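Colleague: Numbering (the numbering used here), first residue to last: 45 to 269. In this text, a Cβ means the ideal position worked out from N, Cα and C, and glycines have one as well. Small disclaimer: the values here were computed from a predicted structure and weren't measured.
1. Contact defined as beta carbons within less than 8 angstroms: I believe residue 246 pairs with residue 213. What is the distance between those atoms, to the nearest angstrom?
2. With distances taken Cα to Cα, identify the nearest neighbour of residue 250 among 142, 173 and 232.
3. May I have the straight-line CA-CA distance separating residue 160 from residue 141, to the nearest angstrom?
4. As a quick exercise: from 169, 259 and 264, pick the residue whose alpha carbon is nearest that of residue 83.
5. Starting from residue 231, trace the beta strand (DSSP E) both ways and give me its first and last residue.
6. Mapping the DSSP letters down to three states, classify residue 203 as helix, strand or coil.
7. Could you spell out the range, first to last residue, of the beta strand (DSSP E) harbouring residue 182?
8. Which residues mark the beginning and the end of the alpha helix (DSSP H) in which residue 260 is found?
9. Please confirm whether residue 190 and residue 255 have their CB atoms less than 7 angstroms apart.
10. Are residue 117 and residue 128 touching if we call contact CB-CB under 7 angstroms?
11. With DSSP collapsed to three states, give me the class of residue 161.
12. So, for residue 237: in the same chain, excluding its five sequence neighbours on each side, which residues have a beta-carbon less than 7 angstroms away from its beta-carbon?
13. With C-beta atoms as the reference, is residue 72 less than 7 angstroms away from residue 90?
14. Applying the 10 Å Cβ sphere with the 16-neighbour rule, what's the burial state of residue 52?
15. Between the Cα of residue 180 and those of 63, 209, 167 and 252, spot the shortest distance and give me the residue it belongs to.
16. Checking 7 angstroms against the spacing of the C-beta atoms, do residue 60 and residue 115 come in under that value?
17. How many Å lie between residue 192 and residue 263 at the Cα?
18. Residues in its own chain within less than 7 angstroms of residue 147 by CB, not counting five upstream and five downstream?
19. Excluding sequence positions up to five away, which residues of its chain have a Cβ less than 6 angstroms from the Cβ of residue 163?
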């Protein structure tokens, strides 16, 4: 796959990345090549230091920058093997794109919850552990300072099944003060918050339903102290 990693962005992708201020190009990713995957053969994922561009053979092209993108990550394993590693990228206007291995069905209630107005099903790009983790870390670096500033001003920030403010964490049923949360755990696609006496302080919740889950977890650790 080295030839794909080093494949330079197309002219239109480079222009779009420049217009959006995505910084320097890092790597290029593609889907598996072969007759079973021929509908995805010309799709490309161009990763930049400040975002990414996805393009296809039929002229579809979309850019997402770390500073404004919300990303949902759906991981599913069977007998220890990764079956689904599907990401939904959502821009500020509600345009969304599914990319990565496997499938994930977003129901109407999911789309309404996340403000998705249009959803495109994109290619099953390989190596989601590389570009997916890079994307989530980039989003955290870009957005964490601003989110902390909002919270310091007294705002409440929404993360799907949870809301966060300077006082604590709230799910759909209860609120826990930061001082009441002893440990934050992630396991089997769930995020849990342990309180005293081995009781849950709040939650748990599905990591797949938390936009920018890496940002969310870093934020919780920062506020919990």
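Modeller: Taking the definition as stated:
1. 5 angstroms
2. 232
3. 10 angstroms
4. Selected option, being the one with the closest Cα: 169.
5. 227-231
6. Strand at residue 203.
7. That residue, residue 182, is in no beta strand (DSSP E); its alpha helix (DSSP H) goes 172-196.
8. Bounds of the alpha helix (DSSP H) holding residue 260 are 257-268.
9. At least 7 angstroms separates the beta-carbon of residue 190 from that of residue 255.
10. no
11. Reduced to three states, the DSSP call for residue 161 is coil.
12. Within the same chain, residue 237 has close Cβ partners 213, 220, 225, 228, 244, 245, 246 and 247.
13. yes
14. It is exposed - the Cβ of residue 52 has fewer than 16 other Cβ atoms within 10 Å.
15. 252
16. no
17. 8 angstroms
18. So the qualifying residues of the chain are 128 and 130.
19. Residues 140 of the same chain have their beta carbon placed closer than 6 angstroms to that of residue 163, with the five preceding and five following residues left out of the count.
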